[in-house]
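*Asks:*
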């Protein structure tokens, strides 16, 4: 069964509306033939229930809901089959399908400018694993960081606002409430925010200053049970940003002894 928890989070669906959504997902290939009345009849609800569901989920109507659900459902079905296309997602150029070189360069410059202020890194669930990696990567670059997750008190962030110069959040869906709350607080306190989320339009990216979007071939797999391309590409993107950071250091401070030659322009390879 497809996990729809992220799809319905904070939508305040009734039991009847949620039942209709499950039915549409389970019969995604037939619902257009059924139409609104057919779906209502088969779910023992009403056409008004279905129309309320479309509005709560942010769709313009029944047809729009069907066509927006279709690729989500089909991606989950396809991902359960082993295929060679999964490997193709790991090509490094896929990073630039949704991101620009300017974003990489701007983040690298922000990172370089963090001399005395702290970088606050926040994520929950599986994303917290990547956040810890990013935290340690920044530490070896000599950056002052605070790492926090959903297990930590909100005070870890709010009691250190005056010392935080930059916030980095990771959220596959971009809708995780704990993450979104932190981004809103950062914006209210004029703290620049960098986000790493899936390529879908989401609430976190609407607020962040620099948004890195990463392909997620299993958008409804909230439990991370299926093979996905999000986290591998996230780590590749982190390493690419670190590469750009070293270029900024070389330009700003000049070459140092025993440092590798990083003078090749990454931009030329994009």
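Numbering (the numbering used here), first residue to last: -3 to 266.
In this text, a Cβ means the ideal position worked out from N, Cα and C, and glycines have one as well.
Just so it is clear, the structure is predicted and the values come from calculations on it, not from any experiment.
So does the segment 49 to 67 actually touch the segment 159 to 177, counting three or more Cβ pairs closer than 8 Å?
*Replies:* The answer is no - the segment 159 to 177 does not touch the segment 49 to 67, with fewer than three Cβ pairs under 8 Å.
*Asks:* What residue range is occupied by the uninterrupted alpha helix (DSSP H) comprising residue 31?
*Replies:* Per DSSP, residue 31 belongs to the alpha helix (DSSP H) from 27 to 38.
*Asks:* According to DSSP, is residue 108 helix, strand or coil?
*Replies:* Here residue 108 sits in helix by DSSP.
*Asks:* Whole angstroms are fine: how far does the CA of residue 148 sit from the CA of residue 97?
*Replies:* When rounded, the distance between both Cα atoms is 34 Å.
*Asks:* Alpha helix (DSSP H) containing residue 188: first to last residue?
*Replies:* Per DSSP, residue 188 belongs to no alpha helix (DSSP H); it is in the beta strand (DSSP E), 188 to 194.
*Asks:* So residue 141 and residue 114 are in contact, right, with Cβ under 8 Å, and what is the actual spacing, rounded?
*Replies:* With 8 Å as the limit, residue 141 and residue 114 qualify as a contact, their Cβ atoms being about 6 Å apart.
*Asks:* From 69, 106, 22, pick the residue whose C-alpha is nearest to that of residue 188; which is it?
*Replies:* When only C-alpha atoms are compared, the closest one is 106.
*Asks:* Which of helix, strand or coil does DSSP assign to residue 233?
*Replies:* Residue 233: helix per DSSP, three-state reduction.
*Asks:* Among the candidates 210, 150, 162, 157, whose CA atom is the shortest distance from the CA of residue 232?
*Replies:* Here the closest residue by C-alpha is 210.
*Asks:* Sort 146, 111, 28, 37 by Cα distance to residue 118 and report the nearest one.
*Replies:* Of 146, 111, 28, 37, the residue nearest in Cα terms is 146.
*Asks:* Is any non-hydrogen atom of the ligand FMN found closer than 7 Å to the C-beta of residue 231, if you look at the structure I gave you?
*Replies:* The ligand FMN is not part of the structure shown, which contains no ligands of any sort.
*Asks:* From residue 111 to residue 57, what does the alpha carbon distance come to, in whole angstroms?
*Replies:* For residue 111 and residue 57, the distance between alpha carbons rounds to 51 Å.
*Asks:* Going by DSSP, what residues sit across from residue 20 in a beta bridge?
*Replies:* Bridge partners of residue 20: none, in fact.
*Asks:* So, helix, strand or coil for residue 78, using DSSP?
*Replies:* The predicted model places residue 78 with a pLDDT of 42, which falls under 50 and marks its position as unreliable, so this point remains unresolved.
*Asks:* With DSSP as the reference, label residue 143 as helix, strand or coil.
*Replies:* If DSSP states are grouped into helix, strand and coil, residue 143 belongs with the strands.
*Asks:* Distance check for residue 236 and residue 153, CA to CA, integer angstroms please.
*Replies:* Answer to the nearest angstrom: the Cα atoms are 27 Å apart.
*Asks:* With 16 other CB atoms within 10 Å as the buried threshold, where does residue 135 fall?
*Replies:* Per the 10 Å Cβ criterion, exposed.
*Asks:* For residue 163, list the residues DSSP reports as bridge partners.
*Replies:* Answer is 116, 189.
*Asks:* Under the rule that 16 or more other beta-carbon atoms within 10 Å means buried, what is residue 240, buried or exposed?
*Replies:* Residue 240 comes out buried.
*Asks:* Could you check if residue 41 is buried or exposed, using at least 16 other CB atoms within 10 Å of its CB as the buried criterion?
*Replies:* Buried is the call here.
*Asks:* By how many angstroms is the C-alpha of residue 29 removed from the C-alpha of residue 168?
*Replies:* Whole-angstrom Cα-Cα distance: 34 Å.
*Asks:* List the DSSP bridge partners of residue 209.
*Replies:* For residue 209, which the question treats as bridged, DSSP gives the partners 193.
*Asks:* Should residue 45 and residue 12 be called a contact, given that it needs their Cβ atoms to be closer than 8 Å?
*Replies:* Their beta carbons are under 8 Å apart, which means residue 45 touches residue 12 by this criterion.
*Asks:* In whole angstroms, give me the CA-to-CA distance for residue 205 and residue 245.
*Replies:* Going from the Cα of residue 205 to the Cα of residue 245 covers about 22 Å.
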